[in-house]
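Student:
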Amino acid sequence: MRARARVVAEADGYGGTRLTALRSEAPLILRETAGALYLVGGAGGPLGGDDVTLEIEVAAGASLTLRTAAASLAQPGRGPSRITVRADIGAGGELRWLPEPLVAVRGCDHRMEAALTLDAGATLVWREELVLGRHREASGSVVTRTTVDLDGAPLVRHELAVGPDHPAAAGPVVTGGAQAAGSVLLVGPGLRAAMPAVLGPTAAVLPLAGAGVQVVALAGDAPALRRLLDDGLRVCFPDAPGTNRAWNSSSSSSCCSSSSAVVASPTAVAGAACSPGSPPGPGGP
Amino acid sequence: MNLLLLTDGRFPAGGHAHSGGIEAAVMAGRVTGVDTLGVFLAGRLTTAGRVAAALAAAAACGAHDLVRLDAEAAARIPSPALRAASRTQGRQLLRTARAVLDAGDLPDELHHAVAMGVVCAATPGLGPVDAARWAAYDAISGPASAAVRLLGLDPFRAWGVVAALLAEAEEIAREAAAGAHHPLDLLPACSAPLLDIGAEQHAVSEVRLFAS
Chain A
1 MRARARVVAE ADGYGGTRLT ALRSEAPLIL RETAGALYLV GGAGGPLGGD DVTLEIEVAA
61 GASLTLRTAA ASLAQPGRGP SRITVRADIG AGGELRWLPE PLVAVRGCDH RMEAALTLDA
121 GATLVWREEL VLGRHREASG SVVTRTTVDL DGAPLVRHEL AVGPDHPAAA GPVVTGGAQA
181 AGSVLLVGPG LRAAMPAVLG PTAAVLPLAG AGVQVVALAG DAPALRRLLD DGLRVCFPDA
241 PGTNRAWNSS SSSSCCSSSS AVVASPTAVA GAACSPGSPP GPGGP
Chain B
1001 MNLLLLTDGR FPAGGHAHSG GIEAAVMAGR VTGVDTLGVF LAGRLTTAGR VAAALAAAAA
1061 CGAHDLVRLD AEAAARIPSP ALRAASRTQG RQLLRTARAV LDAGDLPDEL HHAVAMGVVC
1121 AATPGLGPVD AARWAAYDAI SGPASAAVRL LGLDPFRAWG VVAALLAEAE EIAREAAAGA
1181 HHPLDLLPAC SAPLLDIGAE QHAVSEVRLF AS
């Protein structure tokens, strides 16, 4: 199934954000809810043969959080499946991509490609979690590729390939046999000074060459992976109380309506801490 | 003959000081003998080796801006410790090449894979596929040699593992040369999370034989 969805978030001129375009196409349904814009319908797919594209535009000064309600299952079908996400974030714009994990079901052949373009001063929180097979199941093949350009320069070129099509991936260089692999990418002004940190034998906080930080982790299962990634966020933002605890809780406000609500949401704490001028903790301006 | 000179482990470009991540893998108990060495090298070849081969071929083909290409290399190395090691090895290689090869004007500082390509471009008779072969071979020969020292492996068996990977290394080098002119953001970016994490652990460990 081929589908294309699109969302445009713009500053409303009163310190908040409004969605000026919101186009869904099955199986890619976007639903505006309290706390985030949800990608619905991911639970049953992607199926082999699906080729879906999501275009995101976050204009200067706007703020958008995207989530999924449940884990996605990449499943075999007629040919490979592919998800493409393209996002442009303007100066002072914020995008938080916080989906639940993608599970590589046995036999799947899935590719996830994200191409993100950030203007100087944009903020990004981009989480990817991959679970290699359902419970006690061999993993299917998945390639995720993420490219981020910041202010016209390459910031991130990151590809992770796992599953039977990539036999060396289970070895001591890529996953070491871990069942879950993930990363969180943090971009924003002021992050450059972050220090590298080892979070244990399978996780680390990696300050990038450009103004960004990647938290990378491997774990035995999805909850353990999430804990490691949250540990990394706590290292990056030690002054943001509740960052970890509230990471997954949904805010009571709309996904994009008011800046104070955005700052009160946990990942916005992360985003706000990237900007020297923003208050570091919940409460907002 | 020029390629033999450059890839010689005794060529004084400082490569012997780096283990290609295998010291960290040995410390973590992930590489313990010849069998796990083989899996390690296969993984390194298909991730860091493939990326290095692509960057080296792109640098050798002369079609790209070197500053941009160096930034593309940096964007493919998330670990600060590995970026520093790549920088050091690149700098040492360029200095050695200037002194040994009469290679004309070479930059002072580039990431290692980009430096390999630039040195090939400046060396008569060498081109993108040679640079890619060098980078792919270096991705496995360095750690194999280090593993022999770290684990006291039988060198015949360890180098047998390297020999068994040469066909795949050649294929990766040819792919890299074929894609050398592609837009840089399309070049391979295969990551190896345990190499990145291991490199950061290694950088803060007190007892180590190798710089990286």
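Protein sequence lines, in the order shown, are assigned to chains A and B.
With the working numbering applied, the first sequence covers 1 to 285.
With the working numbering applied, the second sequence covers 1001 to 1212.
Positions of the beta carbon are idealized from the N, C-alpha and C atoms, including for glycine.
Out of A:THR146, A:GLY163, A:ARG2 and A:GLY13, which one is the CA nearest neighbour of A:THR117?
Tutor: By 1-based counting over the first sequence, the position of residue 117 of chain A is 117. If we check each option's Cα against that of A:THR117, A:THR146 comes out closest.
Student: What runs of the alpha helix (DSSP H), each 4 residues or longer, lie entirely inside the region 1094-1128 of chain B?
Tutor: Correct list: 1112-1121.
Student: Taking DSSP's pairing of strands, which residues face A:MET112 in a bridge?
Tutor: Here residue 112 of chain A refers to the residue found at position 112 when the first sequence is read from its first residue. Paired residue(s): A:ILE83 and A:THR144.
Student: Straight-line CA distance for A:GLU100 to A:LEU47?
Tutor: As a first step, residue 100 of chain A is located in the first sequence; it is residue number 100 there, counting from the start. As a first step, residue 47 of chain A is located in the first sequence; it is residue number 47 there, counting from the start. So the two alpha carbons sit approximately 17 Å from each other.
Student: Which runs of the beta strand (DSSP E) spanning at least 3 residues fall entirely within the region 1018-1102 of chain B, listed in chain order?
Tutor: Those beta strand (DSSP E) runs which fall completely within the region 1018-1102 of chain B and span 3+ residues do not exist here.
Student: Which bits of chain A does B:LEU1195 rub up against, with CB to CB less than 7 Å?
Tutor: Against the second sequence, residue 1195 of chain B aligns to sequence position 195. The answer, in chain order, is VAL173.
Student: Along chain A, which residues have their Cβ under 7 Å away from the Cβ of B:ALA1074?
Tutor: Taking the second sequence and counting its residues from 1, the one referred to as residue 1074 of chain B is at position 74. Those within 7 Å of B:ALA1074 in chain A are ALA209.
Student: If you reduce the DSSP assignment to three classes, tell me which class B:GLN1201 lands in.
Tutor: Along the second sequence, one-based indexing puts residue 1201 of chain B at 201. Helix.
Student: Is the number of C-beta pairs between the region 170-178 of chain A and the region 204-216 of chain A that are closer than 8 Å three or more?
Tutor: Too few Cβ pairs lie closer than 8 Å, so no.
Student: Keeping to the same chain, check which residues put their C-beta closer than 8 Å to that of B:GLU1109; ignore five residues upstream and five downstream.
Tutor: On the second sequence, residue 1109 of chain B is found 109 positions in, with the first residue counted as 1. Here the set comprises ARG1087, GLY1090, ARG1091 and LEU1094.
Student: Quick check on B:SER1145: does DSSP put it in helix, strand or coil?
Tutor: Start at 1 with the first residue of the second sequence, and residue 1145 of chain B comes out as number 145. B:SER1145 falls in the helix class under three-state DSSP.
Student: With a CB to CB cut of under 6 Å and the five nearest residues on each side skipped, what residues in its chain are close to A:GLY2?
Tutor: Against the first sequence, residue 2 of chain A aligns to sequence position 2. It should be pointed out that residue 2 of chain A corresponds to Arg in this sequence rather than to Gly. Once the five neighbours on either side are set aside, the close Cβ partners of A:ARG2 are ASP51.
Student: Got a sec: is the Cβ-Cβ distance from A:THR202 to anything in chain B below 8 Å?
Tutor: Position 202 of the first sequence holds residue 202 of chain A. Cβ-Cβ to chain B under 8 Å: yes for A:THR202.
Student: Using the Cα positions of A:SER275 and A:PRO189, report the straight-line distance between them to the nearest angstrom.
Tutor: For the purposes of this step, residue 275 of chain A is taken as the residue at position 275 of the first sequence. For the purposes of this step, residue 189 of chain A is taken as the residue at position 189 of the first sequence. In this predicted model, A:SER275 has a pLDDT of only 33, less than 50, meaning its place in the structure is not dependable enough to derive any value.
Student: So, with DSSP's three-state summary, where would you put A:HIS166?
Tutor: Along the first sequence, one-based indexing puts residue 166 of chain A at 166. Coil at A:HIS166, not helix or strand.
Student: Rounding to the nearest angstrom, what Cα-Cα distance links A:ASP151 and A:ASP88 in this structure?
Tutor: For this step, residue 151 of chain A is matched to residue 151 along the first sequence. For this step, residue 88 of chain A is matched to residue 88 along the first sequence. Spanning the two alpha carbons is a distance of roughly 11 Å.
Student: Skipping 5 residues on each side, what residues in its chain have a beta carbon closer than 7 Å to that of B:ALA1042?
Tutor: On the second sequence, position 42 is the one that residue 1042 of chain B refers to. Closer than 7 Å at Cβ, skipping near neighbours: LEU1165.
Student: Going by DSSP in three states, B:LEU1165 sits in which element: helix, strand or coil?
Tutor: As a first step, residue 1165 of chain B is located in the second sequence; it is residue number 165 there, counting from the start. Here B:LEU1165 sits in coil by DSSP.
Student: Using the rule of at least 16 other Cβ atoms within 10 Å of the residue's Cβ for burial, across every protein chain shown, is B:PHE1156 buried or exposed?
Tutor: Translated into positions along the second sequence, residue 1156 of chain B becomes position 156. Exposed, because fewer than 16 other Cβ atoms sit within 10 Å of the Cβ of B:PHE1156.
Student: Measuring alpha carbon to alpha carbon, tell me which of A:ARG111, A:ARG227, A:ALA36 and A:GLY41 ends up nearest A:VAL143.
Tutor: Residue numbering aside, residue 143 of chain A sits at position 143 when the first sequence is read from its first letter. Checked all of A:ARG111, A:ARG227, A:ALA36 and A:GLY41; the closest Cα to A:VAL143 is A:ARG111.
Student: At least one CB of chain D closer than 8 Å to the CB of B:VAL1039: is that the case?
Tutor: Absent from the structure: chain D. Protein chains present are A and B.
Student: Can you tell me the Cβ-Cβ gap for B:ALA1132 and B:ALA1103, rounded? I've got them flagged as a contact below 8 Å.
Tutor: Along the second sequence, read from residue 1 onward, the residue named residue 1132 of chain B stands at position 132. Along the second sequence, read from residue 1 onward, the residue named residue 1103 of chain B stands at position 103. About 19 Å; that fails the 8 Å criterion.
Student: Within 8 Å (strictly less), CB to CB, does A:HIS110 reach chain B?
Tutor: Sequence index remark: in the first sequence, residue 110 of chain A carries index 110 (1-based). Not an interface residue.
Student: Mind listing the chain A neighbours of B:GLN1089? Cutoff is C-beta to C-beta under 7 Å, in chain order.
Tutor: Indexing the second sequence from 1 puts residue 1089 of chain B at position 89. None at all; the shortest Cβ gap to chain A is about 16 Å.
Student: Anything in chain B within Cβ reach of A:GLY176, meaning under 8 Å, just list it in chain order.
Tutor: For this step, residue 176 of chain A is matched to residue 176 along the first sequence. Per Cβ cutoff of 8 Å: ARG1030 and LEU1194.
Student: Consider the Cβ of A:GLU129: report whether some Cβ of chain B lies at a distance smaller than 8 Å.
Tutor: Locating residue 129 of chain A in the first sequence gives position 129, counting from the first residue. Output row for A:GLU129: interface = no.
Student: Going by DSSP, which residues form a beta bridge with A:GLY182?
Tutor: Working through the first sequence from its first residue, we reach residue 182 of chain A at position 182. Note: A:GLY182 sits in a beta bridge opposite A:GLU129 and A:ALA217.
Student: For A:LEU185 and A:GLY13, what's the separation of their Cα atoms in angstroms?
Tutor: Here residue 185 of chain A corresponds to residue number 185 of the first sequence, with the count starting at 1. Here residue 13 of chain A corresponds to residue number 13 of the first sequence, with the count starting at 1. About 28 Å.
Student: Compute the Euclidean distance between the alpha carbons of A:THR84 and A:GLU55, then round it to the nearest angstrom.
Tutor: Residue mapping note: residue 84 of chain A aligns to position 84 of the first sequence, counting from 1. Residue mapping note: residue 55 of chain A aligns to position 55 of the first sequence, counting from 1. Going by the C-alpha atoms only, they are around 8 Å apart.
Student: Using the Cβ count rule (16 or more neighbours within 10 Å means buried), how would you classify B:LEU1004?
Tutor: The residue labelled residue 1004 of chain B in the question sits at position 4 within the second sequence. By the neighbour-count rule (16 or more Cβ atoms within 10 Å), B:LEU1004 is not buried but exposed.
Student: Rounded to whole angstroms, how far is the Cβ of A:SER81 from the Cβ of A:ALA74, which I believe are closer than 8 Å?
Tutor: Position 81 of the first sequence, counting from 1, holds the residue named residue 81 of chain A. Position 74 of the first sequence, counting from 1, holds the residue named residue 74 of chain A. That pair is a contact at about 6 Å.
Student: Taking Cβ-Cβ distances shorter than 8 Å, what residues in chain B pair up with A:GLU159?
Tutor: Counting from 1 along the first sequence, the entry for residue 159 of chain A is found at position 159. PRO1188, ALA1189, CYS1190 and SER1191, listed in chain order.
Student: Determine the extent of the alpha helix (DSSP H) in which B:LEU1153 is found, giving its start and end residues.
Tutor: If you number the second sequence from 1, residue 1153 of chain B lands on position 153. Looking at the DSSP string, B:LEU1153 is not in any alpha helix (DSSP H), and its letter there is neither H nor E.
Student: Within 10 angstroms of the Cβ of B:LEU1209, are there 16 or more other Cβ atoms? Answer buried if so, exposed if not.
Tutor: Position 209 of the second sequence, counted from the start, is the residue given in the question as residue 1209 of chain B. Classification of B:LEU1209: exposed, given that the 10 Å Cβ count is below 16.
Student: Strictly below 9 Å CB to CB, what residues from chain B border A:VAL184?
Tutor: Residue mapping note: residue 184 of chain A aligns to position 184 of the first sequence, counting from 1. Those within 9 Å of A:VAL184 in chain B number zero; the least Cβ separation is about 12 Å.
Student: Can you tell me whether DSSP reads A:LEU233 as helix, strand or coil?
Tutor: Locating residue 233 of chain A in the first sequence gives position 233, where the first residue counts as 1. Helix at A:LEU233.
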